[in-house]
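One structure is given here, and the rest of the page talks about it.
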Amino acid sequence: MQVYDIMMLVVLVVAMVLGAWKGFAWQLASLASLVVSYFAALRFSGLLAPYISANEPMNRFVAMLLIYVLTGAVIWLLFRLVAGFIDRLKLKEFDRQMGALLGLAKGGLLCIVITFFVISLAGDPQREQILHSHSGYYIGYVIDRAELIMPPEIHDRVRPYLERLDRQLEHQHVDEQPVDEGSDSRPSPTVEIPAGD
């Protein structure tokens, strides 16, 4: 296990512990407050802006701020109702368990974001060191496959390292397995399943 693997493990554990401590409902309210408030402000600020002032674009910014704050307040009020409901039904432990799972998922996303920026901004030696770690390799693989949401420049930086690591791992794997004299040099990846009775 390399230093980068330990750092990613710490991120996951801290996110999971915080998730368990805060609970599922709190985390969901926090996430919804950010996302829903932003999209509501973006969508409806154009309708509210003319009623605030004639000064463009300042009226749009003020409208976005007002909608964002009001939407966030409504979401947190709904959260308080849900939190009270959870307390009345004595579901606090369930809320914490689900919070730990959501925290772990958020930690995984945070690891992807951290790795994304580190391999985007780091020099070649640091990038290679990170992608040689277990977590760096798998996160780099996810980043490389996320073509719809990642810029092509990231693929250009990550792909050569992943291809080289794949060749090295494949070579190590082939060297470790015995090969029959009469077969080709590579073992078959398929497994034969015997037919049923």
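In the working numbering, the protein residues as written are 329 to 525. Yeah, the Cβ is synthetic: ideal placement off N, Cα and C, and Gly gets one too.
- For G435, the three-state secondary structure derived from DSSP is helix.
- In the structure shown, S463 adopts helical secondary structure according to DSSP, grouped into three states.
- For L356, there are no CB contacts under 6 Å within the same chain when 5 residues up- and downstream are skipped.
- The Cβ atoms of A353 and V410 lie closer than 8 Å to each other.
- L362 sits exposed, since fewer than 16 C-beta atoms from the chains shown fall within 10 Å of its C-beta.
- In the DSSP assignment, G400 falls within the unbroken alpha helix (DSSP H) covering 386-416.
- Contact check for R424 against A348 passes: the beta carbons are separated by less than 8 Å.
- Taking R388 as the centre and dropping the five residues before and after it, the same chain places the C-beta of S373, A377 closer than 6 Å to its C-beta, in chain order.
- Here F367 is exposed, its C-beta having fewer than 16 other C-beta atoms within 10 Å.
- By the CB criterion at 8 Å, R455 and I447 fall inside the cutoff.
- Residue range 352-380 is occupied by the alpha helix (DSSP H) that includes G374.
- A Cβ-Cβ separation of about 7 Å places L340 in contact with G436 under the 8 Å criterion.
- Within the model, the alpha-carbon separation for G400 versus F407 is close to 10 Å.
- Residue state for A450 is assigned as coil, using DSSP reduced to three classes.
- Here DSSP, grouped into helix, strand and coil, assigns L419 to coil.
- Taking C-beta separations shorter than 6 Å and ignoring five residues to either side along the sequence, the partners of V390 in its chain run I380, following chain order.
- Sequence-distant partners of F422 (beyond 5 residues in either direction) whose C-beta falls short of 6 Å from its own C-beta are missing from its chain.
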